[in-house]
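Remarks on the structure that follows.
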Amino acid sequence: MAWPSRQLLLAMLCVVAASVLAAQAAGADDARTKKVGVYELRMGDFCVKVTNWGARLMSVVVPDSKGNLADVVLGKDTIAEYFNDTSYFGPITGRVGQRISRGRFVLDGKVYHLERNDGRNTLHGGGTAFSKSAWTVKEHVAGGESPYITFYYHSVDGEQGFPGSLDAYVTYRLSGPYTLGVHMSATAPDRATPVNLLLHAYWNLGGHGSGDVLGHTLRLHASRHAVLDGELLPSSGRVAPVAGTPFDFREPTAIGARIRQVMGGKVVGYDANYVIDGEPDGMRPVAEVRDVASGRAVELWANQATMQLYTGNWLNHTKGKDGEVYDQYAGFTLETMGYVDAVNHPEFPSQTLLPGQEYKHDMVFKFSF
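Read in order, the letters of the sequence shown are residues -22 to -1, 1 to 347 in mature numbering (1 follows the signal peptide of the UniProt record, and there is no 0).
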């Protein structure tokens, strides 16, 4: 029997999954799905799928060293499953990603109280709004020399407890062979407000259902890390060298080499915040990751001050896509952003956006094999 061509396999990976998601969306509650769609960007055998539900990255299909195609992003089969997802598979989170201590902060002398969804604290803005809403599709060019899609979200004054309204945009763009750019921007039309958007995508370069990522080698351009407490908050405000600690990835090191020596909150694994070397406002290298078995590698560049490395510590027989089940360490995240809980730490660079300013967050993923 003749095996399908590489191009046909790519089409099967991209189109079949998109059809399943679209069909499921059509059968779900109309009030939640009538504006939700699945969108493809393609450049040769490089295929990316996104949805405007949470401006979410759903899949990235790339070849390995032998030309075999695989989806290297963890996720769900149906949009309906993303509605109730608590693992944050692929969305843009905001207004403030990561944690805010006690779900409160003070701005211009006023105390603001947020949705608490992580014990006593707020995680990823509170669990609603940005990652749990349908964004507007502003532009979509599926093919050509630089396929891209731009999503827009208007956050109203008081949403999640934050002051003022916010206009947020996210563009996913294929800017070259096996290069994915993620470009976030925001403006605050009327009042000052904290902003710290991040992409919460889980990666596994062996393929999303290929097991754990402990054998992936990781290099980070970070000689310091923000010291986090048991609630994964920088309560001391300290930034410490990584030298001589299990957090040191300045040289390529297997993710699992020292993972048993760190606690990502209440479980074993990395949930650590790194301060990226170099000027905080310029594009610079953040990380390189390689899966030796497949030969796939990814290089990340960004313009943010810090990056949160998370190793899927809380995944526990979690239902994924294509019939796969994700267990602990099935994927890793590289969440570039400003400092964690900056709204409560004047010693950290401010994440408060003023009217007339523009927030800009750029990431570029360069895949190779």
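Glycine residues also receive a C-beta, built at the ideal position from the N, C-alpha and C atoms. Here the structure is a predicted model, which is why all the values come from computation and not from measurement.
Assign N62 to buried or exposed, taking buried as 16 or more other Cβ atoms, counted over all protein chains shown, within 10 Å of its Cβ.
In the sequence shown, residue 62 corresponds to position 84, counting from 1. With a threshold of 16 other beta carbon atoms within 10 Å, N62 falls short and is exposed.
Measure how close the beta-carbons of G81 and L92 come, nearest whole angstrom, since I'm counting them as under 8 Å.
Sequence index remark: in the sequence shown, residue 81 carries index 103 (1-based). Sequence index remark: in the sequence shown, residue 92 carries index 114 (1-based). Yes, they are in contact, since the Cβ atoms of G81 and L92 sit about 4 Å apart, within 8 Å.
Please classify R238: does DSSP put it in a helix, a strand, or coil?
Here residue 238 corresponds to residue number 260 of the sequence shown, with the count starting at 1. R238 falls in the helix class under three-state DSSP.
Report buried or exposed for P172, applying the criterion of at least 16 other Cβ atoms within 10 angstroms of its Cβ.
The sequence position of residue 172 within the sequence shown is 194, counting from 1. Flag for P172 reads buried.
Where does M21 land, buried or exposed, given buried means 16+ other C-beta within 10 angstroms?
For the purposes of this step, residue 21 is taken as residue 43 along the sequence shown, with counting starting at 1. That one is buried.
What whole-angstrom Cβ distance do G243 and T289 have, given they're in contact under 8 Å?
Along the sequence shown, read from residue 1 onward, the residue named residue 243 stands at position 265. Along the sequence shown, read from residue 1 onward, the residue named residue 289 stands at position 311. The Cβ separation is near 12 Å, so there is no contact.
Counting C-beta neighbours from all protein chains within 10 Å, is the total for L332 16 or more, i.e. buried, or is it exposed?
Working through the sequence shown from its first residue, we reach residue 332 at position 354. L332 comes out exposed.
Can you tell me whether Q239 is buried or exposed, with buried defined as 16 or more other CB within 10 angstroms of its CB?
The count along the sequence shown starts at 1 and reaches residue 239 at position 261. Burial call: exposed.
With a CB to CB cut of under 8 Å and the five nearest residues on each side skipped, what residues in its chain are close to P141?
As a first step, residue 141 is located in the sequence shown; it is residue number 163 there, counting from the start. Its chain contains L85, K88, Y90, D135, R169, A170, T171 as the residues whose beta carbon lies nearer than 8 Å to that of P141, once the 5 sequence neighbours on both sides are disregarded; these appear in chain order.
Given 8 Å as the limit, is there contact between the stretch 113 to 123 and the stretch 49 to 60, that is, 3 or more CB pairs closer than that?
no
For P125, count neighbouring Cβ atoms within 10 angstroms of its own Cβ and tell me buried if that reaches 16, exposed if not.
Residue 125 sits at position 147 when you count from the first residue of the sequence shown. The residue in question, P125, is buried, as its Cβ has 16 or more Cβ neighbours within 10 Å.
Using the C-alpha atoms, what's the distance from R34 back to A9?
Against the sequence shown, residue 9 aligns to sequence position 31. Against the sequence shown, residue 34 aligns to sequence position 56. Any reading at A9 must be qualified, since the residue scores a pLDDT of 36, below 50, and its modelled position is unreliable; the value itself is stated next. Whole-angstrom Cα-Cα distance: 19 Å.
What three-state label does DSSP hand Q138 in the structure shown?
Indexing the sequence shown from 1 puts residue 138 at position 160. Correct three-state label for Q138: helix.
Counting pairs of beta carbons, one from the stretch 222 to 236 and one from the stretch 190 to 207, are three or more of them closer than 8 Å?
yes
Spell out a yes or no on whether the stretch 201 to 214 and the stretch 257 to 277 are touching, meaning 3 or more CB-CB pairs, one atom from each, closer than 8 Å.
no
Give the C-beta separation of V157 and K338 to the nearest angstrom, bearing in mind that I take them to be a contact with Cβ-Cβ under 8 Å.
For the purposes of this step, residue 157 is identified with residue 179 of the sequence shown, where counting begins at 1. For the purposes of this step, residue 338 is identified with residue 360 of the sequence shown, where counting begins at 1. Checking the displayed sequence, the identity of residue 157 turns out to be Thr instead of Val. Not a contact, Cβ separation roughly 19 Å.
Checking the sheet assignment: what are the DSSP bridge partners for H118?
Against the sequence shown, residue 118 aligns to sequence position 140. Answer is I127, bridged to H118.
Just confirm the distance between the C-beta atoms of V14 and N30, as a whole number of angstroms; I'd bet it's less than 8 Å.
Here residue 14 is taken as the residue at index 36 of the sequence shown, counted from 1. Here residue 30 is taken as the residue at index 52 of the sequence shown, counted from 1. 6 Å between Cβ atoms; contact.
For the stretch 245 to 263 against the stretch 280 to 287, are there 3 or more C-beta pairs whose distance is under 8 Å?
yes
DSSP three-state label for G159, please.
By one-based count along the sequence shown, residue 159 stands at place 181. Residue state for G159 is assigned as strand, using DSSP reduced to three classes.
Between the stretch 175 to 189 and the stretch 63 to 83, do at least 3 Cβ pairs fall closer than 8 Å?
yes
Provide the residue(s) that pair with M341 in DSSP beta bridges, ordered along the chain.
For the purposes of this step, residue 341 is taken as residue 363 along the sequence shown, with counting starting at 1. BP columns for M341 point to V160, A280.
For a test of the three-state rule: what should DSSP assign to Y66, helix, strand or coil?
Position 88 of the sequence shown, counted from the start, is the residue given in the question as residue 66. Note: Y66 maps to coil in three-state DSSP.
In this structure, does DSSP put S133 in helix, strand or coil?
In the sequence shown, residue 133 corresponds to position 155, counting from 1. Judged by DSSP in its simplified three-state form, S133 adopts strand.
CA-CA distance, R73 and R268?
For the purposes of this step, residue 73 is identified with residue 95 of the sequence shown, where counting begins at 1. For the purposes of this step, residue 268 is identified with residue 290 of the sequence shown, where counting begins at 1. For R73 and R268, the distance between alpha carbons rounds to 31 Å.
Cα separation between V40 and C25?
Residue numbering aside, residue 40 sits at position 62 when the sequence shown is read from its first letter. Residue numbering aside, residue 25 sits at position 47 when the sequence shown is read from its first letter. One C-alpha to the other measures close to 7 Å.
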